[in-house]
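S.K.: Chains A and B are the protein sequences, given in the same order. The opening position of the first sequence corresponds to residue 78 in the numbering used here, with each subsequent residue numbered one higher. The opening position of the second sequence corresponds to residue 2 in the numbering used here, with each subsequent residue numbered one higher. Note that CB positions come from ideal geometry on N, CA and C, so glycine has one too. Remember, predicted model here, so these are calculated numbers, not experimental data.
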Amino acid sequence: MTDPVYVTDALIAQDIDAYLDTHQHKTMLRFITCGSVDDGKSTLIGRLLYDSKMIFEDQLAALENDSKKVGTQGQAIDFALLVDGLAAEREQGITIDVAYRFFNTEKRKFIVADCPGHEQYTRNMVTGASTADLAVILIDARKGVLVQTRRHSYLCHLLGIRNIVLAVNKMDLVDYSQARFDEIVAEYRAFASSIGIEAFTALPISGFAGDNVTAPSANTPWYTGPSLIAHLETVPVRGADDLARPFRMPVQWVNRPNLDFRGFSGLISSGSVKPGDSVRVLPSGKTSTVTRIVTLEGDLDQAQAGQAVTLTLADEIDCSRGDVIALADNPPEAADQFEATLVWMADEALTPGRAYWLKLGTQTVSATVRAPEYVVNVNTMERLAAKTLELNAIGVAEVVTDKALVFEPYAQSRTLGGFILIDKITNATVGAGMLNFSLRRAQNVHWQALDVTRKAHAALKMQEPAVLWFTGLSGSGKSTIANLVEKKLHALGKHTFLLDGDNVRHGLNKDLGFTDADRIENIRRVGEVAKLMTDAGLIVLTAFISPFRAERELVRSLLPVGEFVEVFIDTPLEEAEKRDVKGLYKKARSGQLKNFTGIDSPYERPENPEIRVDTTRESPEDAAERIVERVIGAWMPVI
Amino acid sequence: MTSPSLTHLQRLEAEAIHIMREVVAEAQAPVMLYSVGKDSAVMLHLARKAFYPAPPPFPLLHVDTTWKFQDMYALRDRMARESGMDLLVYQNPEAQARGINPFDHGALHTDMWKTEGLKQALDLYGFDAAFGGARRDEEKSRAKERIFSFRTASHGWDPKNQRPELWNLYNARKNKGESIRVFPISNWTELDIWQYIHLNDVPIVPLYFAAVRPTYEWDGQLFMADDIPRLEKVLGYRPEIVERSIRFRTLGCFPLTGAVESSAATLPEVIQETLLTTTSERQGRVIDKDAGGAGMEVKKQQGYF
Ligand SMILES: Nc1nc2c(ncn2[C@@H]2O[C@H](COP(=O)(O)OP(=O)(O)OP(=O)(O)O)[C@@H](O)[C@H]2O)c(=O)[nH]1
Ligand SMILES: [Mg+2]
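(1) For A222/B, which beta-bridge partners are listed by DSSP?
(2) Alpha carbon to alpha carbon, how far is D413/A from I18/B?
(3) So within the segment 80-128 of chain A, which uninterrupted beta strand (DSSP E) runs reach at least 3 residues, ignoring any that extend past its ends?
(4) Using a C-beta cutoff of 8 Å, does R152/B count as contacting chain A?
(5) Answer yes or no: does any C-beta atom of chain A fall closer than 8 Å to that of Y209/B?
(6) So for E698/A, helix, strand or coil by DSSP?
(7) Hey, is R49/B's beta-carbon within less than 8 Å of any beta-carbon in chain A?
(8) By DSSP, does P31/B sit in helix, in strand, or in coil?
(9) Determine, using beta-carbon pairs with one atom in the segment 275-284 of chain A and one in the segment 305-318 of chain A, whether at least three such pairs fall under 8 Å.
(10) Cβ-heavy atom distance between P193/A and ligand 2 below 7 Å?
(11) Quick check: the segment 488-508 of chain A against the segment 437-455 of chain A, are at least 3 beta-carbon pairs closer than 8 Å?
(12) If I'm right that W158/B touches Q302/B with Cβ under 8 Å, what's the distance once you round it to whole angstroms?
(13) Of all the alpha helix (DSSP H) runs that stay within the bounds of the segment 536-569 of chain A, which reach a length of 4 or more residues?
(14) Residues of chain B with a CB under 8 Å from the CB of V371/A: which are they?
(15) Between the Cα of A87/A and the Cα atoms of L62/B, R12/B, I198/B, L277/B, which residue gives the shortest distance?
(16) Whose CA, out of A653/A, T226/A, N181/A, lies closest to the CA of G196/A?
(17) Output yes if chain B places a C-beta closer than 8 Å to the C-beta of L97/A; else output no.
(18) Comparing the CB of K220/A with every heavy atom of ligand 2, is any distance shorter than 7 Å?
(19) For M539/A, is the classification buried or exposed, using 16 other Cβ atoms within 10 angstroms of its Cβ as the cut-off for buried?
(20) Just list the beta strand (DSSP E) runs in the segment 379-433 of chain A, keeping only unbroken ones of 3 residues or longer that don't cross its boundaries, in chain order.
(21) Less than 8 Å between C-beta atoms, sequence neighbours within five positions excluded: which residues of the same chain meet that for A219/B?
(22) What residue range is occupied by the uninterrupted beta strand (DSSP E) comprising H572/A?
(23) Following a CB-centred definition, is S263/B positioned closer than 7 Å to any heavy atom of ligand 1?
(24) Residues in the same chain with beta-carbon distance under 7 Å from R22/B, minus the five sequence neighbours each way, listed in chain order, please.
(25) Sorry if obvious, but does the Cβ on L243/A come closer than 7 Å to a heavy atom of ligand 1?
(26) Taking CB distances under 8 Å as the criterion, tell me whether W168/B reaches chain A.
(27) For ligand 1, I want to know if Q150/A counts as a neighbour, meaning its beta carbon is within less than 7 Å of at least one of the ligand's heavy atoms.
(28) Would you list, in chain order, the members of the segment 531-554 of chain A that have their beta-carbon closer than 7 Å to a beta-carbon of chain B?
(29) Run through chain A and tell me which residues come within less than 7 Å of Q163/B, C-beta to C-beta.
(30) First and last residue of the beta strand (DSSP E) that includes I622/A?
(31) So if I threshold CB-CB distances at 9 Å, which residues from the segment 236-259 of chain B count as touching chain A?
(32) Please list, in chain order, the chain B residues whose beta carbon lies closer than 8 Å to that of R398/A.
(33) Provide the residue(s) that pair with A444/A in DSSP beta bridges, ordered along the chain.
(34) Could you give the distance in angstroms between the alpha-carbon of Q91/A and the alpha-carbon of L97/A?
(35) Does any heavy atom of ligand 1 sit closer than 7 Å to the C-beta of F285/A?
(36) On the three-state DSSP scale, how would you describe T199/A?
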């Protein structure tokens, strides 16, 4: 075994300038270790650091100490403790979150992300894998291919990691048996080809004992391939592919220090660029010519994929954050409907139809996900029908955005094809996705251009259209007040229409129940109907519980600014329950009625409603009068 | 010439610049924590590159303990001037009033001046995103931290429940009161920092280079007597001062930062010496040793950077 102390490159002492020069020109490989629980991922990384002499003396002393106290290997060194840095991890002997560690050899610099094996922490594994060029998938030689081996292999493949190393670990525990090794490699090969992994490199190792990690091992004379490190030093790094593709740069920030300078800053995601190149700004499609590539050290003659630069253009064209500057002759497409592969990462399952923020490159849009086409059973790779995506599920679904996205399929571009979904209320990152392709429908269905415009409709009625959106608990008084408001508006000669929850549920929405998903679809349809009616020039009143903030905001976003008026009928639960006009609260309390808002289904109060009515203080008549005044005052000049 | 692969330093630089621009585009009130050490020096240089020709569109914040080296204060003021950025200096008034110092108060010194001072400053100015120069190779809980590290309204870090962070897509959304600590040089190592300083002529505090300086021994370690009268006042006696050729691997409060005897007076020599040492960089600092193995993790949960 190698001497445990920190050892440095001989060149450092002999000729530091020469050493710095070689180090400066090293390439970088980012890789991960993944696989099932306890297969020895953290131990392997610890071993790599230790054998590449990257452990300082003080760290080694601490490691020896810790190994005795909390290690899993008796008195011997527990290399996993070099990587499992959180208190909770050391207590339990498991990895919870990714650890990033760094080491270098004479040829390369490495960043390795040690991923957790537990299914519960899949989102952390995905975090580590998303930036990797290579994955080392470990298998415990005694156990063979397990569910998590499959899940992680599939995720690596989906994320586009093309370099896969199969490390059959703990060979010391199976007497370095070639037969066992061959058996596992064959088992893995069968699985790998079923999910589309065409090639992988298999190695027999022991992270614990160090076999075939940094040097060939005498214990496996039958294995003639390279050690793990030798392999990592020679696999090609990413970059060549990106450089070969056409130029694209998502604009991050417009640099405008004074009136004479307007630069567009971004990270070039593919191709290269030089002054004089003609470029196109997407989605507008406007073209211009690159004039300068500006940096603190002076202008560049050219820049390439992976560099962060600031470009100036010859023409004063509109271009801002979220736009993509691309090669003029070969720009990416824009679309608003896609098929995507999704990995769900939140405890709360996906709600189909709900609006989430979608961030792709520097573009952030509002997006909804339809019910999945299927989810994948990672054990059998079967495609199963599903209504939603639960935590850690991998599935395929349609994604619809409220604005066109400039994109490329993920297989071509991680930058323009990979996205995250963010919950609009909690701001948590709840899902990750890879765009497969845009749907034909999104490209080919065009809006029917109408000659009688929405403005013309409204003008004939001599009014400004609006949606008065009444929201509040069941029995809060929404219908009562909305009715009074409509009567008053009607008496004033206004063209109105009242959409009431109960009535809509008898017809348009009679196929919907009261689950969260159905409630969301109910509101979405009502929102769309209300919008069509405002296009016809009407003042629409809606009376729906509409318990979720996200859906009310969705309807707001469908309408021109100012046309959505949220009217919050604020009646406390006790009060509504006391009134119990329809006897529904009693039924809900006795369990006869499920998913009843306020009882066993939440009501999210509006944060900034345009109008709030406290029915414990204001009579329905007064409230209606106030709402009418507000409507007339704000939108309808007295004619 | 285009070459298929950028060098590792070029990739790290581009990553850091991209991160800084994302924060500026998405945060309401960003700030850069500036501690005047070599990592801060690199951070400032990267910020100037990211936004050139504009000056970086955020201020520098120095959470001061009043116990930094004189050379650090001098470089701090010079760099703020040269970069055209606003410099905010914050000193926790309570620590000031109670005369908290590294000799009498041990861990409380770091806690009050730095941890509390930082929280107070962030709250006072309402910053919602703060750049820090921490690196993942420094310490085992840092190795686990996201680049966009989310903090609750009370500045707490929950290591067991970090947001997923995919590709280079950062989620900078947060609710009112919550904030984000952003670490653009997470993936740099100590050697990368030195090499970058060398290649880009980044100005750093002269204390990183060896020179003959007044020193004293305390608690078995070698320290520099940066302000002898003040030392004497706090210690109650005049320590024995010996002139030695020393330099520092890391800079903090002068009574807490151990010096190493050295003759490395140029950057390549410093790098050479750094690479040849067999102990880790933070060994000279007292903070990591508190609270057993989990010192830094606990400190960060409490809001330390
Ligand atoms: N004998 C032997 N034991 C090993 C080897 N590799 C790991 N182990 C032991 O297997 C146990 C689990 O190792 P870890 O490295 O923590 O496993 P892991 O894959 O990182 O686990 P999670 O991250 O929690 O999924 C520890 O007790 C290790 O010491 C090996 O090659 N041989
Ligand atoms: Mg582990």
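M.R.: Short version:
(1) For the sequence presented, residue 222/B should be read as Gln rather than Ala. Q222/B is bridged to W219/B.
(2) 30 Å
(3) 104-112
(4) no
(5) no
(6) helix
(7) yes
(8) strand
(9) yes
(10) yes
(11) yes
(12) 5 Å
(13) 555-568
(14) Y53, P54
(15) L277/B
(16) It is Glu, not Gly, that sits at residue 196/A in the sequence shown. When only C-alpha atoms are compared, the closest one is T226/A.
(17) yes
(18) no
(19) exposed
(20) 385-390, 401-404, 410-421
(21) According to the sequence provided, residue 219/B is Trp. The question's Ala does not apply to it. Same-chain partners within the cutoff: P240, P256.
(22) Run containing H572/A: none; DSSP gives neither H nor E here.
(23) no
(24) A51
(25) no
(26) yes
(27) yes
(28) none
(29) D174
(30) Premise fails: I622/A is in no beta strand (DSSP E) and is neither H nor E.
(31) none
(32) A26
(33) Y433/A, T478/A
(34) 12 Å
(35) yes
(36) helix
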